[in-house]
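Asks:
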Amino acid sequence: MLETFGADFHRWPADRIAAAEALCAASATARAARERAARLDALLAEDRAAETVPPARIQAITDAALVRIAAQDRELDVDAIPIWQWLFTRPVGAVIATAMLAGIVLGLLVPAGPPQGALAASALFGTGARSLVGIL
Amino acid sequence: MVAESDDDGLMRQVAAGNETAFRILAARHLPAMLRLARRLLGTVDAEDAAQEALVRIWSNAGQWQPERSRLSTWIHTIVYRLCLDRLRQIRTVALDEAYEAEDESPGAEEQVALASDLRRLGIAMEHLPPRQRAALTLFYYDEMSGSDAAAVMDLSLKAYWSLLHRARQALQAELAPAPSTSRKG
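Residue numbers (the numbering used here), protein chains in the order written: chain E, -15 to 120; chain G, 192 to 376.
(1) Which parts of the stretch 332 to 368 of chain G are runs of the alpha helix (DSSP H), unbroken and 4 residues or longer, counting only runs that do not cross its ends?
(2) Counting only beta-carbon separations shorter than 8 Å, does G:Gln254 have a partner in chain E?
(3) What does G:His318 reach in chain E if we use C-beta pairs closer than 7 Å?
(4) Name the chain E residues whose beta carbon is nearer than 8 Å to that of G:Val246?
(5) Does the contact criterion of 3 or more C-beta pairs under 8 Å hold for the stretch 330 to 348 of chain G versus the stretch 257 to 275 of chain G?
(6) Applying the 10 Å Cβ sphere with the 16-neighbour rule, what's the burial state of G:Asp198?
(7) If we cut at 8 Å on Cβ distances, does G:Pro222 have a partner in chain E?
(8) Assuming G:Val270 and G:Ala244 form a contact by the criterion Cβ under 8 Å, report the distance between their Cβ atoms to the nearest whole angstrom.
(9) In terms of residue numbering, what span does the alpha helix (DSSP H) encompassing G:His220 cover?
(10) Can you find a CB in chain E that lies within less than 8 Å of the CB of G:Tyr331?
(11) Could you pull out every residue in the same chain whose Cβ sits closer than 7 Å to the Cβ of E:Phe(-7), ignoring the five residues on either side in sequence?
(12) Along chain G, which residues have their Cβ under 7 Å away from the Cβ of E:Thr(-12)?
(13) Among the residues of its own chain, which have a CB less than 7 Å from the CB of G:Ala361, if the five just before and after it don't count?
(14) As a quick exercise: from E:Thr13, E:Ala21, E:Asp(-1), E:Ala14, pick the residue whose alpha carbon is nearest that of E:Ala(-9).
(15) One question on the structure: do G:Ala217 and E:Ile42 come within less than 8 Å of each other, judged by their Cβ atoms?
(16) What would DSSP say about E:Gly(-10), mapped onto helix, strand or coil?
(17) Look up G:Ala252 in the DSSP assignment and say whether it is helix, strand or coil.
(18) Can you give the Cα-Cα distance for G:Ala207 and G:Val235, rounded to whole angstroms?
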């Protein structure tokens, strides 16, 4: 029990304390074992007391966490907008959108010639074949 | 302004996005969070892990249920799981070798002896497996009850007592053979 809970009986399971106290009162060996355990307890307590965190450090870590949180919230905001708006919110999206618009404008401005397959078909089989290829 | 209320009230305000409440909460719980993370990861990684834990607390504040667990248990669970994830990634934890500073002020001899003992304790702790370190930290440093510590580590109470027993025995064994004299270079 000493090797689990240490020498402080207050931290022992309640139903074992009375027996432990009785044993320590009766046995020098038990008392010596408890003293050994108390030495380790004291060292652990000293270690705990030595581990102070300066308030400035606490503040710095909290500030850094809040920066992460703000960045995370911005990401969530971007994820929440509709896809067509997303196209205009990031450089890659803007480039893609511009290229698509330029393609549509060019397609409207440049006059469409007859399909090449249709020209070849008319040369070989006459205008009837050309119309058929055009339909297809 | 946020009144320095209990954890329950603070968490409700954090869940509503109140930064001041979050700062109060962090000031209250960060030392214990750092202690556990330091024991498992070492000083440098501990601060980053604690930071990440704070982000998770903010993000999941609405999920904490006061009737199911104490806030400190919930927070320790977040830190513990985060540290275990990181340990799985890094595998090894570097020992802190920077143990040079010794005090020459009055009463320094006792201070030096204590510092030496604490150094040995630190090294002995480093030699323990992470779960044993966590078991000792929760019980002896954070003074958690067995049932809370078992909840943090996702163990039955019996398994936690068993782990704590092995941890303390191992720590005692690590400390036992070391000489008590302090060498000066």
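Beta carbons are placed, not taken as given, at the ideal position from N, Cα and C, and that holds for glycine.
The structure displayed is predicted, hence computed values, not measured ones.
Replies: To lay it out plainly:
(1) 337 to 343, 348 to 366
(2) no
(3) None at all; the shortest Cβ gap to chain E is about 15 Å.
(4) Ala49, Arg52, Ile53, Gln56
(5) yes
(6) buried
(7) yes
(8) 5 Å
(9) 210 to 232
(10) yes
(11) Ile1, Ala4, Glu5
(12) Trp352, Leu355, His356, Arg359
(13) Leu319, Gln323
(14) E:Ala21
(15) yes
(16) coil
(17) helix
(18) 31 Å
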